[in-house]
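Take a look at the structure below.
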DNA sequence: CCAAACCTTACCGTTTACGAGAAGGTTAAG
DNA sequence: CTTAACCTTCTCGTAAACGGTAAGGTTTGG
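Residue numbers (the working numbering), protein chains in the order written: chain H, 51 to 219; chain E, 51 to 219.
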């Protein structure tokens, strides 16, 4: 289900807890949520991979749902793909641009403009998919190689068993 | 350094260049061959990932075709999968055992013994494949996620174009 | 209002995966 | 037999990706 609900206005208004204002998480809560450490999250911030939606009065980092999604994305890329954080940053640039596009989209009145934004978003996602698929393809190559070695053994095995265990070589 | 007797016996006769004796490469040559640096190769040796088939009189490392294959495998795993060298070591343990199996297989006369060795080899390859496939599966999950986001946008786009560019929302 | 529980920045430490010499031995060509 | 071009082991350095801890501010339940 892809219900990235449109959010109320901008997300930087920190203070007054309005009705239905989604909870902002502090760093430890966000970390627990996605399975990272606060230190790692700060590190990603230093590298420019993420920035908290807000800061409290006393400068505590406060993360919203989008941030958590982003953090999860970063963790997935880090854990599963083996991309460096720098490469992840590249992938995330497209992500950031998409976020910007969403905001513009909501304000765009001109259908042509909206179309442009949608197409741009699709293209960015396509680039992400292509990057991931390339990685998959290369790993699949290795799998194929392994399977051919396996086939070779299976062949030997079949020959052996066809003999009913009575051959010498 | 005296542990690879079985290996050494078959391929480490360094001196007399017999007929058809395949060339042994020194470290820089091997490195060029697979796209690594000598330093990296030595590093892999320190970690126990590879060991040269032989050493020259003056202790130069000498690599044979199998070594080169192994190095290529290491490089692939490192570059494409993002596995740590430690994890690669695990995958390679199965590889090493397979090499040993091959040697034993050639000497085994008992069909039952040969069958056992073949089955063992197949199981090891299967484990490698499983490891790789798991990684692929996780990356595919990310692809699927991206595609669902994409589908969402395409949907919007379709709605927009169905309007003939005349709607507001 | 106070203390425990969080958080901040800052900086040093660690692991991984090598890169870059230094000091000296080995090979292959001439 | 030289000597340039490799190679050896050793040690130190480095970049990436955090971990840990110090010194000090912030939040919040009681």
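From the three backbone atoms N, C-alpha and C, an ideal C-beta is built for every residue, glycine too.
Within chain H, partners of residue i - CB distance below 7 Å
i	result
residue 85 (chain E)	What residue 85 (chain E) touches in chain H: nothing, since even the nearest Cβ is about 14 Å away.
Distance between beta carbons of residue j and residue i, contact taken as under 8 Å
i	j	result
residue 141 (chain H)	residue 150 (chain H)	So it is not a contact: roughly 16 Å between Cβ atoms.
residue 91 (chain H)	residue 104 (chain H)	Wrong, their Cβ atoms sit about 15 Å apart, outside the cutoff.
residue 100 (chain E)	residue 120 (chain E)	5 Å
residue 189 (chain E)	residue 107 (chain H)	Actually they do not touch by this definition, with Cβ atoms about 42 Å apart.
residue 47 (chain H)	residue 200 (chain E)	This structure cannot speak to residue 47 (chain H), because chain H is shown only from 51 to 219.
residue 155 (chain H)	residue 165 (chain H)	That belief does not hold up - the Cβ atoms of residue 155 (chain H) and residue 165 (chain H) are roughly 10 Å apart, past 8 Å.
residue 169 (chain E)	residue 207 (chain H)	7 Å
residue 125 (chain E)	residue 86 (chain E)	6 Å
residue 210 (chain H)	residue 161 (chain E)	6 Å
residue 144 (chain E)	residue 177 (chain E)	6 Å
residue 72 (chain E)	residue 114 (chain E)	6 Å
residue 221 (chain E)	residue 179 (chain H)	An answer regarding residue 221 (chain E) cannot be provided, because it is not within the stretch 51 to 219 covered by chain E.
Closer than 9 Å at the beta carbon, the chain H residues around residue i
i	result
residue 182 (chain E)	189, 190, 192, 193, 196
residue 137 (chain E)	What residue 137 (chain E) touches in chain H: nothing, since even the nearest Cβ is about 10 Å away.
residue 108 (chain E)	Residues of chain H passing the Cβ test: none, with the nearest at roughly 36 Å.
residue 98 (chain E)	Simply none; closest approach about 21 Å.
Which of helix, strand or coil DSSP assigns to residue i
i	result
residue 182 (chain E)	helix
residue 110 (chain E)	coil
residue 100 (chain H)	coil
residue 212 (chain H)	helix
residue 133 (chain H)	coil
residue 117 (chain H)	helix
residue 167 (chain H)	helix
residue 139 (chain E)	helix
residue 159 (chain H)	coil
residue 122 (chain H)	helix
residue 207 (chain E)	helix
residue 86 (chain H)	coil
residue 202 (chain E)	helix
residue 188 (chain H)	helix
residue 62 (chain E)	Per-residue confidence for residue 62 (chain E) stands at a pLDDT of 41, beneath the threshold of 50, marking its modelled position as unreliable; no derived number is given.
Beta bridge counterpart(s) of residue i as assigned by DSSP
i	result
residue 105 (chain H)	H:111
residue 76 (chain E)	E:112
Residue i: contacting residues in chain E (beta-carbon distance under 9 Å)
i	result
residue 124 (chain H)	Chain E residues near residue 124 (chain H): none, gap ~12 Å exceeds 9 Å.
residue 204 (chain H)	168, 172
residue 119 (chain H)	The premise fails here: residue 119 (chain H) is roughly 10 Å from chain E at the closest Cβ pair, so nothing lies under 9 Å.
residue 175 (chain H)	196, 197, 199, 200, 203
Chain E residues whose Cβ lies nearer than 7 Å to that of residue i
i	result
residue 25 (chain H)	Only positions 51 to 219 of chain H appear in the structure, and residue 25 (chain H) is not among them; the question remains open.
residue 95 (chain H)	None at all; the shortest Cβ gap to chain E is about 22 Å.
Beta-carbon neighbours of residue i, restricted to chain H and to distances below 8 Å
i	result
residue 101 (chain E)	The contacting residues do not exist; residue 101 (chain E) stays about 21 Å from chain H at best.
residue 213 (chain E)	161
residue 207 (chain E)	165, 168, 169, 172
residue 143 (chain E)	Correct list: empty, because the minimum Cβ distance to chain H is about 15 Å.
residue 79 (chain E)	The premise fails here: residue 79 (chain E) is roughly 23 Å from chain H at the closest Cβ pair, so nothing lies under 8 Å.
Residue i: contacting residues in chain E (beta-carbon distance under 8 Å)
i	result
residue 210 (chain H)	161, 164, 165, 168
residue 157 (chain H)	The contacting residues do not exist; residue 157 (chain H) stays about 12 Å from chain E at best.
Residue i: CB within 7 Å of a non-hydrogen atom of the ligand NAD
i	result
residue 132 (chain E)	The ligand NAD is absent from the structure shown, which contains no ligands of any kind.
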